[in-house]
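Protein chains in written order, with numbering that gives the first Met the number 0: chain A, 0 to 442; chain B, 0 to 338.
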Amino acid sequence: MLMTDLLYARAQMGLSLAFHIVFAAAGVALPLLMVLSDLKARRTGDADYRLLSEKLAKGTAILFAVGAVSGTALSFELGLLWPEFMGRYGEVIGLPFSLEGVAFFTEAIFLGIYLYGRERVSPGLHLFSGVMVAVSGAMSAFFVTLVNTFMNHPSGFTPTPGGPTDVQPLVAMFSPGWQYQTVHVLLSCYQASAFAMAGIHAFVLLRHPGAAFHRKALSVALPLACFTALLQPLVGDLSAKHVAQAQPVKLAAMEAQFETERGAPLRLGGLPDVETESVSWGLEIPKGLSILAFADPDAEVKGLKEFPRDEWPPVSKVHLSFQLMVGTGSLMALLALVTLAYRVRKKVWPDGRRMMWAWLLTGPLGVVAMEAGWLVTEWGRQPWIVRGVMRTSAAVTPVPHLYAPFWTFTAVYLFLGATVVFLMVRQVAGTLPGRNGGNSDVH
Amino acid sequence: MSTEALIGFAVAGTFVLYALFGGADFGGGVWDLLASGPRKKEQRALIAHALGPVWEVNHIWLIVGLVLTFSGFPRAFAVLTVALHVPLTLLLLGIVFRGAAFTFRTYDTRGDAVQRKWGLVFSVASVIAPLLLGMCVGAVVSGGIRVEGHAVVSGFFAPWLTPFAWAVGVLALCLFAFLAAVYLSHESPTPELREDFRRRALGSGVAVFATAFVVLLLAREGAPRVWQGLLLSPFALLLHAGTAVAAVAAFALLWTRRFKWARVAAATQVGFIILGWAASQHPYLVVPDVTLSSAAASPTAQRMLLVALVVGALAVLPTLVFFYRVFRPGPFASPGEGK
């Protein structure tokens, strides 16, 4: 019974985060794309860029609103589902949450000015507001990721059976690994949004190859998509090296490494089986893991067997999510390389059908990689909510019947998600050739 | 003043601000639901126009209050989220649907029928959320939430389903509707619309008075400790006197159509009511088992939180003032323009 409620609580938290992350990422990245188009519109005087920045502003408005309400839900759910965690560690992680609140406030204020104030403030101030939306959105993601870093590698307090003592909020706020995790997360926001945007415009261009507006839109999305797709693997590598050294059991689960060994291989794909402690169907690159994790082909990699069985994360889930993240990330990096090579050789962004198909098909992968990466870090920390200090099962609420809120929120989020997709499709449809550019519904 | 008292005061302050800004937005939703008469459409358009740019900013006071509570008084947050799990979850649904439906109504341009449906979701959620918020407050002050050690022992339903808690819920709803009507009468572009909202303001003002009276009657049984606090604490008495003066002033100003000042008086009235509530339950966070000091974070964490609070205030307040100046009630073009 208790186990079931714990699972429902985890499922509700996971669902809420999975849902919120998409909107939060868009809230971080779309303002940047919107400002970039706005800048291009000012420089070139091109009405298409102006329309693009307006469309992006509308997209931001819808996504930010859903992100704001789902984020509110999350801040309540921290307590509704994990009261013991908040009751004990609320004071330790209060600082980044408070600063996140400040950033969120700033973002909402300037977004209001940007969206509704075009006629009320000077053009310079209007653009400045857009920049502030982009900056404070990024700050907000930065602060909230610091909380997750703390949960992965708690610091800044002395644990006692009665809870944390000797609390140092500033130390806790910058727990080890914060620099890798925040950069990794921020890049994923930009990458997921830029790939999604590129995918949408590639889709339109496949059906209407002459649509100038969509070519221009693609030219705004592609640089950011390529830049982030190439940078992300490097940052991810740094992050993984840190995990290898600081959270060895998470790395072992990510790589499905059961035995402690020197010169550990890198496993691509494969299905781990915790009963037989083996991996089937995987491709092994000899010494690959030792090289990647410790920059030494003979370095020792700790296996799962090194740790008590009841402290293992769910190995298959972590390993497969990690494979999914790395796989999709590699595909995106590859496409970015090809696209940039084309750009360098021909001096224009690609527009051929084959490249458009490639961008269309990779469009969703940024979001997939982001969700998969988040699953890696969350599943990889289990069974802990605060690693090594508090188990998730010790944090869960005593409230029974948690299936009820779980199914309610599932239904609500499915409905909201479907509605947002529908509204976004209509926003894009308004820009198709032969329409009046969608200006009829500008408020 | 101790640091925990300062943080407690800051929490009460965010509640006041949330009521004055976010509460009024819920009140706007109430009047959207109750829009009637020959200017039904204009009333709704004015509400949409008034809420559009500001509701997200106004909503953040709730999050600030929440973060201050769990950072400053983590134990109280844990108790509240367990004891009030059910109403807070329902409140969340109200908040999610209010915000999402309002935004969807603005951007879903498939025509009147669809917009009416979103409008209905928006306005019904705007009624439910304040009611639940008030019921939670009622439960907190009633003394019905009991804690032994770290465990809530009073169940998940009883404390917030008392007649007293219901009455506080209705009071919150009436207060928010009253605030919204007063604000909207000031922001109305035409004399006719102004009269519509003036009538609503006067009507809801009477409803506030009536429900406040009922709450007071029920408090004797339903919230004995706060009843004592209401009558005995000199500070609370002072606040109640302030509330009474502001309430009478708001009525008189509405009656004589001095809308700008009626706004100030109504906001003062609501602010005093909330501070009066806070003062009468002082030093309890959750009556009668959790106090400011028993739930407080460690001194270092409290000091850091105060620093963050000051930094945050310095960063946010100037832009916030600028923001409200930009969206100060101004010329309002034609009905339906907010779409």
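Note that the Cβ used here is the ideal one computed from N, Cα and C, for glycine as well. These numbers were taken from a predicted model, which means no experiment stands behind them.
Chain A contact residues for residue i, given Cβ-Cβ distances below 7 Å
i, result
"B/Leu319", "Ile108"
"B/Glu147", "Near B/Glu147 there are no residues of chain A at all, since even the closest Cβ is about 12 Å away, more than 7 Å."
"B/Ala164", "Residues of chain A passing the Cβ test: none, with the nearest at roughly 18 Å."
"B/Val325", "Ile112, Gly116, Arg119, Val120"
"B/Pro37", "The premise fails here: B/Pro37 is roughly 25 Å from chain A at the closest Cβ pair, so nothing lies under 7 Å."
"B/Pro188", "The premise fails here: B/Pro188 is roughly 16 Å from chain A at the closest Cβ pair, so nothing lies under 7 Å."
Residue i versus residue j - alpha carbon distance
i, j, result
"A/Leu422", "B/Val151", "44 Å"
"B/Cys135", "B/Gly168", "8 Å"
"A/Met12", "A/Phe18", "10 Å"
"A/Phe63", "A/Gln190", "18 Å"
"A/Thr3", "B/Gly311", "41 Å"
"B/Ala11", "B/Leu238", "14 Å"
"B/Pro52", "A/Ala255", "50 Å"
"B/Met0", "B/His281", "14 Å"
"A/Leu35", "A/Val219", "7 Å"
"B/Thr267", "B/Thr242", "7 Å"
"A/Trp81", "A/Ala394", "5 Å"
"A/Ser139", "A/Phe103", "6 Å"
"B/Thr161", "B/Ala211", "16 Å"
"A/Pro222", "A/Gly416", "28 Å"
"A/Gly436", "A/Leu50", "Note that A/Gly436 scores 44 on pLDDT, short of 50, meaning its location in the model is unreliable and no value can be drawn from it."
"A/Arg386", "A/Ser135", "29 Å"
"A/Arg353", "A/Phe226", "21 Å"
Residue i - containing alpha helix (DSSP H), residue span
i, result
"B/Trp60", "54 to 71"
"A/Trp358", "352 to 361"
"B/Leu305", "298 to 325"
"A/Thr164", "No alpha helix (DSSP H) contains A/Thr164, which is instead part of the beta strand (DSSP E) from 162 to 164."
"A/Arg49", "46 to 80"
"A/Ala303", "First, the residue type needs correcting, since residue 303 of chain A is Leu and not Ala in the sequence shown. Counting along the chain, A/Leu303 falls outside any alpha helix (DSSP H), and DSSP gives it neither H nor E."
Interface residues of chain B facing residue i [CB-CB closer than 8 Å]
i, result
"A/Phe103", "Ile59, Ile62"
"A/Met85", "Phe69, Pro73, Phe76, Ala77, Thr80"
"A/Lys57", "Tyr106"
"A/Gly262", "The contacting residues do not exist; A/Gly262 stays about 46 Å from chain B at best."
"A/Leu422", "Phe103, Tyr106, Asp107"
Interface residues of chain B facing residue i [CB-CB closer than 7 Å]
i, result
"A/Glu90", "Ser70, Pro73, Ala296, Ser297, Ala300"
"A/Phe96", "Val66, Ser70"
"A/Val398", "Val81, His84, Phe155"
"A/Ala72", "Leu91, Val95"
"A/Pro404", "Thr88"
Unbroken beta strand (DSSP E) run spanning residue i, endpoints
i, result
"A/Asp272", "270 to 272"
"A/Ile284", "282 to 284"
"B/Tyr17", "Premise fails: B/Tyr17 is in no beta strand (DSSP E) and is neither H nor E."
"A/Val278", "277 to 279"
"A/Pro158", "157 to 159"
"A/Ile199", "Per DSSP, A/Ile199 belongs to no beta strand (DSSP E); it is in the alpha helix (DSSP H), 177 to 206."
"A/Trp378", "Note, A/Trp378: premise wrong, no beta strand (DSSP E); alpha helix (DSSP H) at 364 to 380."
"A/Trp383", "383 to 385"
"A/Leu267", "265 to 267"
"A/Val120", "A/Val120 -> no beta strand (DSSP E), and no H or E assigned at all."
Proximal residues of chain A, C-beta to C-beta of residue i below 9 Å
i, result
"B/Thr267", "Residues of chain A passing the Cβ test: none, with the nearest at roughly 24 Å."
"B/Leu304", "Glu90, Gly93, Leu94, Ser97, Pro168"
Reference residue i, options the options, closest by Cα
i, options, result
"B/Asp288", "B/Gly28, B/Gly51, B/Ala82, B/Gly12", "B/Ala82"
"A/Thr144", "A/Gly162, A/His183, A/Trp383", "A/His183"
"A/Ile108", "B/Thr2, B/Asn57, B/Ala18, B/Leu216", "B/Asn57"
"B/Gly142", "B/Ala296, B/Gly221, B/Ser297", "B/Gly221"
"A/Leu14", "A/Val427, A/Leu431, A/Arg425, A/Thr409", "A/Thr409"
"A/Leu110", "A/Ser97, A/Gly93, A/Ala133, A/Ile92", "A/Ala133"
"A/Pro232", "A/Gly328, A/Leu360, A/Phe96", "A/Gly328"
"B/Val66", "A/Arg42, A/Phe96, A/Gly281", "A/Phe96"
"B/Arg262", "B/Ile272, B/Arg74, B/Ala112, B/Ala248", "B/Ala248"
"A/Phe374", "A/Lys316, A/His400, A/Pro208, A/Val337", "Looking at the sequence shown, residue 374 of chain A is not Phe but Leu. Comparing Cα-Cα distances from A/Leu374 to each of A/Lys316, A/His400, A/Pro208, A/Val337, the minimum goes to A/Lys316."
"A/Pro404", "B/Ala49, B/Ala23, B/Thr88", "B/Thr88"
"A/Pro307", "A/Val278, A/Ala251, A/Leu330", "A/Ala251"
"B/Leu131", "B/Ile6, B/Tyr182, B/Gly22", "B/Gly22"
Residue i: contacting residues in chain B (beta-carbon distance under 9 Å)
i, result
"A/Phe75", "Leu65, Thr80, Leu87, Thr88, Leu90, Leu91, Ile94"
Residue i beta carbon near the ligand MN (any heavy atom closer than 7 Å)
i, result
"B/Ala235", "Ligands displayed in this structure: none; no statement on the ligand MN is therefore possible."
Within chain A, the residues that residue i reaches when beta carbons sit closer than 8 Å
i, result
"B/Glu55", "Phe63, Ala64, Ala67, Ala107, Leu110, Gly111"
Short-range partners of chain B found in the segment 113 to 124 of chain A, where Cβ spacing is below 8 Å: Those would be Leu114, Tyr115, Gly116, Arg119, Val120, in chain order.
Proximal residues, the segment 116 to 147 of chain B versus chain A, C-beta separation under 7 Å: none
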